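Quick notes on the structure that follows.
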Amino acid sequence: MYSEKVMDHFQNPRNVGEIENPSGVGTVGNAKCGDIMRIYLDIDEEKVIRDVKFKTFGCGAAVATSSMATELVKGKTIHEALQVTNKAVMEALDGLPPVKVHCSLLAEEAIHAALWDYAEKHGIKIEGLEKPKSDIHEGEEEEEEEY
Ligand code: FES
Numbered sequence: 001m002y003s004e005k006v007m008d009h010f011q012n013p014r015n016v017g018e019i020e021n022p023s024g025v026g027t028v029g030n031a032k033c034g035d036i037m038r039i040y041l042d043i044d045e046e047k048v049i050r051d052v053k054f055k056t057f058g059c060g061a062a063v064a065t066s067s068m069a070t071e072l073v074k075g076k077t078i079h080e081a082l083q084v085t086n087k088a089v090m091e092a093l094d095g096l097p098p099v100k101v102h103c104s105l106l107a108e109e110a111i112h113a114a115l116w117d118y119a120e121k122h123g124i125k126i127e128g129l130e131k132p133k134s135d136i137h138e139g140e141e142e143e144e145e146e147y
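First residue of the sequence shown: 1, per my numbering; consecutive thereafter.
Set out below in structure tokens:
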């Protein structure tokens with residue numbers, strides 16, 4: 001059901017932890033399953049992400065996608081990091097089962113939230129970055145979903 005890469009990143013997640021005095025920090029939750037993710041970014045004067053750490057209280061897919069997402073944004077500029085979508089993360093992991101796709105949104109949104117925090121602290125605007133949601137289902141129509 002899960003690819004080898006997903007299992008590897010779930011069992012040996014990269015970049016777990018937190019950064020003291022981060023340049024930006026973002027927390028996003030998924031109200032439907034109760035899972036939460038927090039991402040810390042250390043960004044230098046060149047706007048390059050020097051370090052990134054995450055903490056996830058979530059399912060295995062959320063752990064694996066956060067781990068891969070942190071690997072993908074590390075060393076990138078903040079603009080390049082915006083291109084790291086949940087789709088890119090899933091591709092890098094050789095896919096996720098369809099019912100687990102929403103879990104990968106946590107990582108993408110948490111990175112955006114951390115970048116937003118960084119931009120606010122520095123009084124800058126990052127082109128293409130929209131105000132992040134605190135919950136990945138925010139703004140969604142009420143709908144019945146099967147889990
Ligand atoms: Fe909640 Fe995966 S089930 S993030």
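Ideal Cβ placement from N, Cα and C applies to all residues, glycine included. Only a predicted model underlies this, so the values are computations on that prediction, with no experimental measurement involved.
The segment 86-97 contacting the segment 16-34, beta-carbon criterion three pairs below 8 Å:
Flag = no, the segment 86-97 and the segment 16-34 do not touch.
Between the alpha carbons of residue 96 and residue 61, how many angstroms are there, rounded?
Along the sequence shown, one-based indexing puts residue 96 at 96. Along the sequence shown, one-based indexing puts residue 61 at 61. Those two C-alpha atoms are separated by around 8 Å.
Here's the rule I'm using: 16 or more other beta-carbon atoms within 10 Å means buried, otherwise exposed. How should residue 44 be labelled?
Position 44 of the sequence shown, counted from the first residue, corresponds to residue 44. With fewer than 16 other Cβ atoms within 10 Å, it is exposed.
Please classify residue 72: does DSSP put it in a helix, a strand, or coil?
Looking up residue 72 in the sequence shown gives position 72. In this structure, DSSP gives residue 72 a helical state, which the three-state scheme calls helix.
Per-residue DSSP class, three states only, for residue 129:
For the purposes of this step, residue 129 is identified with residue 129 of the sequence shown, where counting begins at 1. The answer is coil: DSSP assigns residue 129 none of H, G, I, E or B.
Give the C-beta separation of residue 70 and residue 54 to the nearest angstrom, bearing in mind that I take them to be a contact with Cβ-Cβ under 8 Å.
Start at 1 with the first residue of the sequence shown, and residue 70 comes out as number 70. Start at 1 with the first residue of the sequence shown, and residue 54 comes out as number 54. About 5 Å separates the two Cβ atoms, so the contact holds.
For the alpha helix (DSSP H) containing residue 6, list its first residue and its last residue.
Taking the sequence shown and counting its residues from 1, the one referred to as residue 6 is at position 6. Per DSSP, the continuous alpha helix (DSSP H) segment holding residue 6 begins and ends at 4-11.
Any idea what DSSP makes of residue 156, helix, strand or coil?
Shown here, the chain extends from 1 to 147; a query on residue 156 therefore has no answer.
Inter-residue Cα distance where the pair is residue 125 and residue 119:
Along the sequence shown, one-based indexing puts residue 125 at 125. Along the sequence shown, one-based indexing puts residue 119 at 119. Near 6 Å, if we compare the C-alpha coordinates of residue 119 and residue 125.
Selected residue, minimal CA-CA separation from residue 23, among 35, 48 and 2
By 1-based counting over the sequence shown, the position of residue 23 is 23. Residue 23 has its Cα closest to that of 48, out of 35, 48 and 2.
When the Cα of residue 128 is compared with those of 66, 116, 106 and 8, which residue comes out closest?
Stepping through the sequence shown from its first residue, residue 128 is reached at position 128. Of all alpha-carbon atoms in 66, 116, 106 and 8, the one lying nearest the alpha-carbon of residue 128 is that of 116.
With a threshold of 16 other CB atoms inside 10 Å of the CB of residue 134, please say whether the residue is buried or exposed.
Residue mapping note: residue 134 aligns to position 134 of the sequence shown, counting from 1. A residue is called buried when at least 16 other Cβ atoms come within 10 angstroms of its Cβ; residue 134 does not meet this threshold and is exposed.
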